[in-house]
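Counted the way our numbering counts, the sequence shown spans residues -7 to 1090. C-beta atoms are modelled at their ideal positions from N, C-alpha and C, and glycine is treated no differently. This one's a predicted model, so the numbers in the text were calculated from it and none came from an experiment. Before any comments, here is the structure.
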Amino acid sequence: MPKNKNRKARRDSRPATANNNENVDTASTSNPSISAVDSTTLIPSESSTVSQSATDPQVTLSSQLSTVPKLASIVREPTPSETPTMQKSAADPQGPPEAQPSAVSKSAWSPRVPPPAGTSSVPKLTSDPQVPPSSQPSATSKSAWGPRVSSPSEPSIISKPVLDSQVLQPSSQPSAVPKPAWGPPSRNLHPIERSSSAFPMMKEENRSSSVNKDTTLSKERRSQSVLSTKRRRFLCSAVPDSAVLSPVRRPDDGGSSGDKISVYTNHFPLHIDNAIVNQYDIEIFTVGQDGKLRVARKDERWETMQCIAKEIKTFPVVWYDEGKTLYTRALLTEFTKPIQIKLKRGNETKTFQLNILNLVRQEKISNIFDFIQKKIILRPRETVRIIETLFKQRARNDLVCVRNQFYNRNQILDDLKDGRGMAKGFYQALFLTRCGPTLNVNLTFTCFYMPLNFVDFACKYLRKDITKGFTEYEAKIFRKLIRDLLIETEHTGRILRYKLRRFGLPADQLLFTCGEVDESVAEASSIQKISVAEYFEQKYQRKLRYPHLPCIDGTAGINKRANWLPMEVVKVVEWQRSLKPLDATQRALVSGKSIIKPFERYNQIMSIMHARDFETDIYLKELNIHVDNHEMLKIRARILTPPSIHYGTRPGQNEAIEHVNVGRWKIRNWFYTTPEIHNWGLIYIGYQHNQKIDDILNEFSRQLPELLKRKGFMIKSKLTITIKSDRPQDIEKALTDASKNRWQLAIVVLNTRSDQVYDYVKQLGHQQLGLRTQCIDMEALMKNIGNLNMYVDNLSQKINSKLGGINSVVNTKLALSRSSKEDLFMFFGADVTHSTCSTDRPSIAAVVASRDPTNTLYAARLCEQYPKKGRCSMEIIKELDQMVADLLRVFARTCGGRLPNKIVFYRDGVDEGQYQKVLDNEVNKIKTACRIVYGDRSLPKLTFIVVKKRHNTRFFLYDGKQTMNVQAGTVIDQDITHPSQFDFYLCSQAAIMGTSRPTLYHVLHDDIGFSSDDVQQLTYWLCHTDMRCTKSVSIPSPVHYAHLAAYGSRALKFNDDRESDDFDDDNNDEEPESYSIDDIKTKLMILDSKVADDMWFI
């Protein structure tokens, strides 16, 4: 049986609705600055160092900042007199612990049991402490955090001249700072798709004519910083960049069907003057007391640039991306020499050095207008990056910036009770639309770690009092959950920042050598060692409260020494984003804050726009940018006609049609088709059993058959009741007996606190016995036993679909203006779900497809995709050709050997930057599958559509009195859509709470040749075919089924219980490797043949 995965308790009887409303966005990856179809291959830039003549003068500044308490950026490598440190040596028996899984066996239902009493909480050191305990390093990216930034006070200029011998040269060691993405495009691109504005992409003879006459573009290699490449962490794509296929262009000027209306959207028009912006490569170093340079931290780089721009009167207005790129309209020809500045924080003064390396390119702002006017094909993302960086400059001083999201650093986080808190902020990004450039602004909610003492944080995060015991197993699991967490200390009188590496021995057991020891002359017996607890008591007169807790080993900069810190002197650095999923209680708490009514969202967005005060922003004035923030953009929209819903007729009826009213309809007739039930039963599984439970089960078994008959079911046998405990052997016996008796359906009532009981039932039913199961939560049954009509209405839809019946039918052909009776459509839905906070866990790819002519019944195929050591990502479905071929054969078996001549494929789970890879790879895989299955027959026409819900565009309807949600069926394909490609927004659902979130559809490939009206109407009608409910959902049913299949597969044996207790250490970091699709290991899920083609995921 699988481990407990700490998921919310899942029951088949959970509300049969899709999430149509706003919710917290804890891991948003949407970034409009990345082109949806940009297929340019980004080649990492080469590097060089800055050379300087011995006679060159050096510009040197000194600046003192006002005292900033607990400033996160005051970091340097601690000396042995400050923090217990030691070089990792194989001969040191008290070195870092080795992570080894506990040998204690797992319980039937519980998570792995911690080591028993008497077992050492930390194993002994391996023979080579520098070899990390992990054999599979993770590629989890570091949390985006916003450090505190102080305003520089009046600096004093250094009067003492700097001698030539004192000029500090930057090291030639490579940097851990990611290199700016630039370089020539892929050779696979069509010549017309190559950018005409990026100078490194130009022909050599055309460079000089395009550059300002007063300067020339540097031909030097871009520099490398001082940090070794071994300190980097890379996440490489296993899918090669290419541009085999081009996204389809919009076939017309937009649709015309439906009632025309006007709506407001959270986009604000921008007016930008044409200009040329110079992009410079820079590096900012911290100058050590020994004269060595190291790359400054992110917050240090920002403060350095702010102070230099303020104190050097001749320094032009620049905007900085906090990395290695500086933008300005001026030419920095007089600042080619290193600039040094001293920043004072509290009692410590640090020296920083700015090197302006070379002019990389000159970007024309007019590129964005050329793209909008369809003069160029590729979205000018470098130009977009320039403008978005410009918008961040002033906000960065006052707000916490996480990519394109901004949070007020003075707000009080909503406590989530596990060491995390939810912050409210706003999102802003530049969009290039049909009506011109716009600024998209929306509310956003994200979880951050709270700045707590580490002991308090661990108690909250693990939800136990660790001061009473912290086992080896708990330390290993905890370390994996908080990988790369930034921590800080204050016991030395300065704020020192580290990255959590691992846990070690308790502070009263961990020994180290205090001071310098010459091991070549000192005898082992003469070396005096001291425990960490004793050291802190002697050095800082601080007696530890919890000396029995393990120490923390933190890294600081490029230092590889072990920095052992008692847990109680460590504090979590504030404003670190957390990607760990929320549990059920936290989701309820977050929903209450993040579900915002449309008029409230509208007012809050407008308040944000007015508070930004763009008119006084000196950075925006550089490009004469004007934001029309007086009102949201008013755009054209249409309301599409909903379909008629066909049900089965009762005796004497000619037809049974239900009409959709505000996205909903009622069931007043029989289901379209229903099975004949002649053998079924009810199994109760619970940890307790009493007379009250017996009464409820008897009443339910009495009413259920009668209520099902009202829907058209033919019930031929009595519903028998079996009572079993929640022990595995009892569950297995009950389900095995049901399978031997050839039950068509087992209704399983669960009265247990363990998710693993549900998982075990599904594993036995779907993978071992071939038994259809319908699980019901006992608590929900008790609440509804007095009025079972509505409860059974929802339950009967699932039962009918699992038994092969059809609830209702929508004639999708009527949505198309050009369709013949001979056309046979097949609809696919696909999604890839990724583990939120782990890169060594597999992704699950789910593909579902219709298997009958009514396009109502669906079958699913699932596959796990394992990344190679967590080091590469997989944006595509590797086994898509095999999965599609299998589903085509299922369709043929159901339809008497016929195969579809038209396939519509809806693909979810794709970010904009992955569109080209998905287009090139998955479309070809689908066509390959068709060639295999069809043989000599005519191949079908394929339309491939990306479905995207994770975006920040919202729509508001104003009726003259109030602001409210748009109606179900509202479609927008004008004004704010792509200037040339085939996309549209559709809000197909009626929101119950909060603000409706429309779905963005992007047609990437279209052999069928849909018009805008046809594809919009077809997509909208497919949102009415969901077998779980009687309302239109937010996405077409094939995509929704793919979500359900991927979610339901978590309960099944997917071999994802492999050992994953390996962790990523810093000395595991390596240079990027060449990964390929072959490096992705896959495993198809195998179900019993009796249920493999059923809708088991409903």
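Exposure of residue i, with buried meaning 16 or more beta-carbon neighbours within 10 Å
i       : result
Asn198  : Any answer about Asn198 is weak, because its pLDDT of 35 lies below 50 and its placement is not dependable; what the coordinates show is given next. Asn198 comes out exposed.
Asp244  : exposed
Met1087 : buried
Asn359  : buried
Arg293  : buried
Ala83   : At Ala83, the pLDDT of 38 sits below 50, so the modelled position is not reliable; the number obtained from the coordinates is stated separately. That one is exposed.
Glu340  : exposed
Gln766  : buried
Asp1091 : Residue 1091 falls outside the range modelled here, since the chain spans only -7 to 1090, and no answer is possible.
Arg929  : exposed
Val394  : buried
Phe344  : buried
Arg412  : buried
Asp769  : buried
Asp282  : exposed
Asp747  : buried
Which listed residue (the options) has its alpha carbon closest to that of residue i
i       : options                         : result
Asn270  : Ser249, Leu324, Ile300, Ala301  : Leu324
Lys708  : Asp718, Pro697, Arg702, Thr343  : Pro697
Thr665  : Trp735, Gln789, Glu592, Arg734  : Gln789
Leu632  : Gly247, Arg242, Ser717          : Gly247
Val287  : Ala629, Ser693, Gly315, Ala267  : Gly315
Ile364  : Gly655, Lys329, Arg426          : Arg426
Gly704  : Pro643, Tyr926, Ile304, Gly905  : Pro643
Leu742  : Gln736, Leu761, Lys716          : Lys716
Arg569  : Ile659, Ala548, Lys563, Asp476  : Asp476
Val561  : Thr945, Asn621, Asp545, Asp687  : Asp545
Ala267  : Ile617, Gly280, Lys384          : Ile617
Phe495  : Thr714, Cys543, Tyr639, Asn653  : Cys543
Lys1073 : Gly673, His622, Ile836, Thr886  : Ile836
Lys334  : Val392, Glu326, Gln298          : Gln298
Val310  : Glu614, Val915, Leu816          : Glu614
Leu473  : Gly485, Glu464, Leu454          : Leu454
Tyr256  : Leu711, Arg593, Gln695, Val652  : Arg593
Gln906  : Asp844, Lys940, Asn400, Val1083 : Lys940
Those residues which DSSP pairs with residue i across a bridge
i      : result
Arg614 : Checking the sequence shown, residue 614 turns out to be Glu, not Arg. In the DSSP output, where bridge partners are listed per residue, Glu614 has none listed.
His651 : Ser636
Asp407 : Gly413
Asp769 : Leu742
Glu668 : Met706
Asn400 : Leu391
Asp975 : His994
Gly673 : Thr712, Ala738
Own chain residues within Cβ distance below 8 Å of residue i, not counting five before or after
i      : result
Ile588 : Glu14, Leu435, Gln596, Gly986, Thr987
Pro153 : Here the model assigns Pro153 a pLDDT of 33, short of 50, so the residue's position is not dependable and the matter cannot be decided.
Tyr272 : Thr317, Leu318, Tyr319, Thr320, Leu324, Ile348, Leu349, Asn350, Leu351, Val352
Same chain only: Cβ atoms within 7 Å of residue i, ignoring 5 sequence neighbours per side
i       : result
Arg734  : Asn671
Ala877  : Ala921, Ile924, Val925
Pro61   : Because the pLDDT of Pro61 is 38, which lies under 50, any placement of that residue in the model is unreliable, and the number read from its coordinates should be weighed accordingly. Contacts found: none.
Phe1089 : Ala852, Tyr1033, Leu1036, Ala1037, Gly1040
Cβ shell of residue i (< 6 Å), same chain only, five flanking positions each side left out
i       : result
Leu1076 : Cys855
Lys1023 : Gly655, Arg656
Cys979  : Val958, Thr962, Ser988, Pro990
Cys1015 : Ser980, Ser1024, Val1025, Pro1028
Val802  : Pro635, Trp1013, His1016, Thr1017
Near the ligand FAD: residue i beta-carbon under 7 Å from a heavy atom
i       : result
Ile1000 : This structure lacks the ligand FAD; in fact it carries no ligand of any kind.
Hey, which unbroken runs of the alpha helix (DSSP H) at 4 residues or more fall wholly within the stretch 406 to 493? Runs found: 446 to 454, 464 to 473.
Please specify which runs of the alpha helix (DSSP H), each continuous and at least 4 residues long, are wholly inside the stretch 282 to 362, giving them in chain order. Qualifying alpha helix (DSSP H) stretches, in chain order: 290 to 303.
Those runs of the alpha helix (DSSP H) which lie wholly inside the stretch 514 to 575 and span at least 4 residues: Here the runs fully enclosed are 524 to 532.
Please give me, in chain order, every unbroken run of the beta strand (DSSP E) with length at least 3 that falls completely inside the stretch 817 to 892. Within the stretch 817 to 892, the complete beta strand (DSSP E) runs of at least 3 residues are 817 to 825, 835 to 842, 850 to 858.
Minimum length 3: unbroken beta strand (DSSP E) runs contained in the stretch 928 to 960: Complete beta strand (DSSP E) runs here, min 3: 933 to 940, 947 to 950.
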